[in-house]
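Encoded as structure tokens, the structure appears first; notes follow it.
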Amino acid sequence: MIIYVVIFSILAVLLVASALFAIIQKDLLYAVIATGVISLILSVMFFILQAPDVALTEAAIGIALTTIVFVITIRNTTRNEDEKEINSK
Amino acid sequence: MDFGQYQNIVTISVYGSAIALILIGLYAVLIKKNLIKIVIGLSLADAGIHLLFVAIGYLKGGTAPIFSPSVVGENVTMVDPVPQALVLTAIVIGFAVTAVALSLVIRLYKHHNTARIDQIKSLKW
Amino acid sequence: MKNIIVIALLLVVGFYLVDSFNYIKFGDNRLGAPSDEKTVGAYYLNNTVEKTGVANVITAIIVNYRGFDTLGEVTVLFLATTGLGSILYRRRKEGEHEERVTKESSYLLQTGSKILFPFVILLGIYVFIHGHLTPGGGFQGGAIVATGFLLMLIAYKNFKLGHNQLTWVESLAGITFVSIGMWGLITGGTFLENSFIPKGTLNSLFSGGIIPIIYIAVGFKVAAELTGVLDILLSIKPSKIKK
């Protein structure tokens, strides 16, 4: 069981780290990929916590569909959080 | 699954990361100016709440609540199925909410040519 | 200044969250002993197999015990699709025909998605047909099917989705759900009563009465709705890049 404990603690640290990355990062595309990574980690955590149904849902919806919806939005709006090009006009 | 004597480490990592996710998401919603960042913050807080719910339903030594052929008739403890069913619903609804919020962001960008809330001067659109 | 106020506020929220989870110990047995049914969860675990004949307890909760809730959830998804369509609606000018604004993608992506597409659809359908036996079900399977269609929508510029067919699939699935529920109301006395189809043997494909039928209907409905959402979002015309 020690292996699961080690995996779980590493995943928890990675989860918080990628959440901070998603907030701090100015390039929105990187931030969106970080949210996809968060969904992936959460899916593994749900599986270790004996919730395979929730893990499958998070894998199908959180990783694929939410990320692609964000990416489509960024394609139609702007990629830079501060919108430097527009403000400097 | 039983984590044995390392229960404390798992407790701290699961509750700690879930509460950290909720707080980081709320921070993004309150501080950030970019609308896409705000929606990202909302989805982070959502994810933290899902993890918290599943963690509440977990019990020591439990297996997944599925009566597969290897489990039927045996004396096994199972984890609480109710929070899992609620979270499954919440994930799907969360996707719908995110999609509608992002479509509003696209519409605002088309109209004002900016996605920052401090740049949007008029309230009418 | 605003930063300091927000961080102080979040510290207060975090303190009370941590404080309340001191009392909810991780991994405690809150279900009680298996014999006494003090909590809902214990009741479901003890009674699911004999009352519904389904192996997966979560499926039984979602489709049968809380089936009305699932009907509402599917309705919320439908409303989200409709709302998305009406928010992003734009009037088409004369002579402007509908097409997605994607560039022609590379051969690698085109060939890869053409080979993968049937297998992804097959996996999705497998997941929602076996929802009562293994982890998975209508929502997960529907999302996987939508991912398969997304692959084709990205790879092929001219891949057309029949909007009429999508509407038909969605409406028929919804009608199936409601009419099975109403039939239960007529024969058994409650909405979604699971008594008019034999339960079958546990852990076989034809078991659980109405539960697999409803979950398959939910799978088709969710797949149609999510594909509709992706199609609407992919057909937005990008605004002119301002310099």
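Protein sequence lines correspond, in order, to chains A, B and C. Its first residue numbered 1, the first sequence is counted upward by one per residue in our numbering. Its first residue numbered 90, the second sequence is counted upward by one per residue in our numbering. Its first residue numbered 215, the third sequence is counted upward by one per residue in our numbering. Cβ coordinates follow ideal geometry from the N, Cα and C atoms, glycine included.
Interface flag, residue i vs chain B, CB-CB below 8 Å
| i | result |
| --- | --- |
| N417 (chain C) | yes |
| Y340 (chain C) | no |
| I301 (chain C) | yes |
| F391 (chain C) | no |
| F46 (chain A) | yes |
| I394 (chain C) | no |
| V383 (chain C) | no |
| G228 (chain C) | yes |
| L29 (chain A) | no |
| F21 (chain A) | no |
| L245 (chain C) | yes |
| V5 (chain A) | yes |
Closest by C-alpha distance to residue i, when choosing among the options
| i | options | result |
| --- | --- | --- |
| D82 (chain A) | B:S106, B:F92, B:V103, B:D207 | B:D207 |
| L367 (chain C) | C:L223, C:N217, C:L448, C:N260 | C:L448 |
| V290 (chain C) | C:A269, C:G326, C:V436 | C:V436 |
| V277 (chain C) | C:G402, C:F235, C:V392, C:N243 | C:V392 |
| R79 (chain A) | B:K126, B:R196, B:V186 | B:K126 |
| I427 (chain C) | C:V254, C:R304, C:L399, C:F342 | C:F342 |
N- and C-terminal bounds of the alpha helix (DSSP H) containing residue i
| i | result |
| --- | --- |
| N97 (chain B) | 96 to 120 |
| S234 (chain C) | 216 to 235 |
| H201 (chain B) | 170 to 201 |
| R75 (chain A) | 67 to 76 |
| N408 (chain C) | N408 (chain C) -> no alpha helix (DSSP H), and no H or E assigned at all. |
| H344 (chain C) | Per DSSP, H344 (chain C) belongs to no alpha helix (DSSP H) and is neither H nor E. |
| F142 (chain B) | 124 to 146 |
| E264 (chain C) | 254 to 266 |
Classification of residue i by the beta-carbon crowding that lies within 10 angstroms, buried from 16 upward
| i | result |
| --- | --- |
| Y321 (chain C) | exposed |
| S319 (chain C) | exposed |
| P158 (chain B) | exposed |
| L28 (chain A) | buried |
| M45 (chain A) | buried |
| Q379 (chain C) | exposed |
| M1 (chain A) | exposed |
| M167 (chain B) | buried |
| G442 (chain C) | buried |
| P172 (chain B) | buried |
| D445 (chain C) | buried |
| G162 (chain B) | exposed |
| V6 (chain A) | exposed |
| K216 (chain C) | exposed |
| T415 (chain C) | exposed |
| E264 (chain C) | exposed |
| Y230 (chain C) | exposed |
Chain A within 8 Å of residue i, Cβ atoms only
| i | result |
| --- | --- |
| A360 (chain C) | yes |
| F353 (chain C) | yes |
| G350 (chain C) | yes |
| S157 (chain B) | no |
| V143 (chain B) | yes |
| A269 (chain C) | no |
| A357 (chain C) | yes |
Any chain C beta carbon closer than 8 Å to residue i
| i | result |
| --- | --- |
| V69 (chain A) | yes |
| I2 (chain A) | no |
| I72 (chain A) | yes |
- Query: If you measure beta-carbon to beta-carbon, which residues of the segment 183 to 197 of chain B are closer than 7 Å to chain C?
  - Reply: So the close ones are A185, A188, V189, S192, L193, I195, R196.
- Item | Residues within the segment 39 to 66 of chain A neighbouring chain C, beta-carbon criterion of under 9 Å | Within the segment 39 to 66 of chain A, the residues whose Cβ lies closer than 9 Å to some Cβ of chain C are A51, P52, D53, V54, A55, L56, T57, A59, A60, I61, A64, L65, listed in chain order.
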